[in-house]
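J.: Before we start, here is the structure in question, set down as structure tokens.
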Amino acid sequence: DSEGNALLSITEIHHQVASAFAAEAIACRTATQIGMDMQWPNIIIEGDALSIIKKCKTQTNDKSRVGAYIRDIHQLLIKTKRYYFEHTPREANSLAHTLARKALKKKEEIYLIGRIPEYAERLKEEEQKGEQRRR
Numbered sequence: 001d002s003e004g005n006a007l008l009s010i011t012e013i014h015h016q017v018a019s020a021f022a023a024e025a026i027a028c029r030t031a032t033q034i035g036m037d038m039q040w041p042n043i044i045i046e047g048d049a050l051s052i053i054k055k056c057k058t059q060t061n062d063k064s065r066v067g068a069y070i071r072d073i074h075q076l077l078i079k080t081k082r083y084y085f086e087h088t089p090r091e092a093n094s095l096a097h098t099l100a101r102k103a104l105k106k107k108e109e110i111y112l113i114g115r116i117p118e119y120a121e122r123l124k125e126e127e128q129k130g131e132q133r134r135r
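In structure tokens, the structure reads:
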């Protein structure tokens, strides 16, 4: 949220995903769907894959390999105007990458509402301090 609190931590293992690019699109689609399901107001979805974020922001018909995911996102967004997509540099998004690496290493999926796994708490605090310094 706007204060740096985790609304949701989720890791999923997807088999036969063609690329990291596709994995980013799937993550964006999942975040959009969960935000809709939870009925959260003014959702900001952040990601470090700039091209995916741009595709989510524009309503053009995407014919790339991730086009199906982008179309799904656009279909979900027809129901609301309260979604924003923002690019976050990879350096500022290390928490997401830590969660992804741990999920792959441990082969475990998590779904935590309002918190993050204990192993990621210190990293979250460091990221919040970095955000405060940049302001």
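Note that the sequence shown covers residues 1 to 135 in UniProt numbering. Each residue gets a CB set at the ideal place from its N, CA and C atoms; glycine is no exception. None of the values given here were measured: they were computed from a predicted structure.
Have a look at 97, 93 and 125 and flag the residue whose alpha-carbon is nearest the alpha-carbon of residue 11.
T.: Position 11 of the sequence shown, counted from the start, is the residue given in the question as residue 11. Considering only alpha carbons, the answer is 97.
J.: How is the beta strand (DSSP E) around residue 119 delimited, first residue to last?
T.: Within the sequence shown, numbered from 1, the residue matching residue 119 stands at position 119. First-last for residue 119: undefined, no H or E at that position.
J.: Note the first and the last residue of the continuous alpha helix (DSSP H) segment covering residue 98.
T.: Your numbering for residue 98 matches position 98 in the sequence shown. Where residue 98 is concerned, the enclosing alpha helix (DSSP H) stretches over 94-106.
J.: Out of curiosity, what's the CA-to-CA distance linking residue 86 and residue 113?
T.: Along the sequence shown, read from residue 1 onward, the residue named residue 86 stands at position 86. Along the sequence shown, read from residue 1 onward, the residue named residue 113 stands at position 113. So the alpha carbons of these two residues sit roughly 22 Å apart.
J.: Following the continuous beta strand (DSSP E) through residue 11, name the residue where it begins and the one where it ends.
T.: Indexing the sequence shown from 1 puts residue 11 at position 11. Start and end: 8-11.
J.: Looking at the strands, I want to know which residues DSSP matches up with residue 112.
T.: Locating residue 112 in the sequence shown gives position 112, counting from the first residue. Bridge partners of residue 112: 9.
J.: For the stretch 31-49 and the stretch 72-89, state whether three or more C-beta atom pairs, one from each stretch, are separated by less than 8 Å.
T.: Cβ pair count under 8 Å is three or more, so yes.
J.: Can you tell me which residues form a DSSP beta bridge with residue 43?
T.: Residue mapping note: residue 43 aligns to position 43 of the sequence shown, counting from 1. In the DSSP output, where bridge partners are listed per residue, residue 43 has 83.
J.: Going by DSSP in three states, residue 64 sits in which element: helix, strand or coil?
T.: For this step, residue 64 is matched to residue 64 along the sequence shown. It is coil, neither helix nor strand.
J.: Using C-beta distances below 6 Å, list every residue in its chain close to residue 83, excluding the 5 sequence neighbours before and after it, in chain order.
T.: The residue you call residue 83 lines up with position 83 of the sequence shown. For residue 83, where only same-chain residues beyond five positions count, the Cβ hits under 6 Å are 43 and 77.
J.: Go to residue 32, then tell me how far its alpha helix (DSSP H) extends in each direction, as first and last residue.
T.: Here the question's residue 32 lines up with position 32 in the sequence shown. 20-38 is the span of the alpha helix (DSSP H), which, as asked, contains residue 32.
J.: Is residue 123 near residue 99, with beta carbons less than 7 Å apart?
T.: Against the sequence shown, residue 123 aligns to sequence position 123. Against the sequence shown, residue 99 aligns to sequence position 99. Contact flag unset, no.
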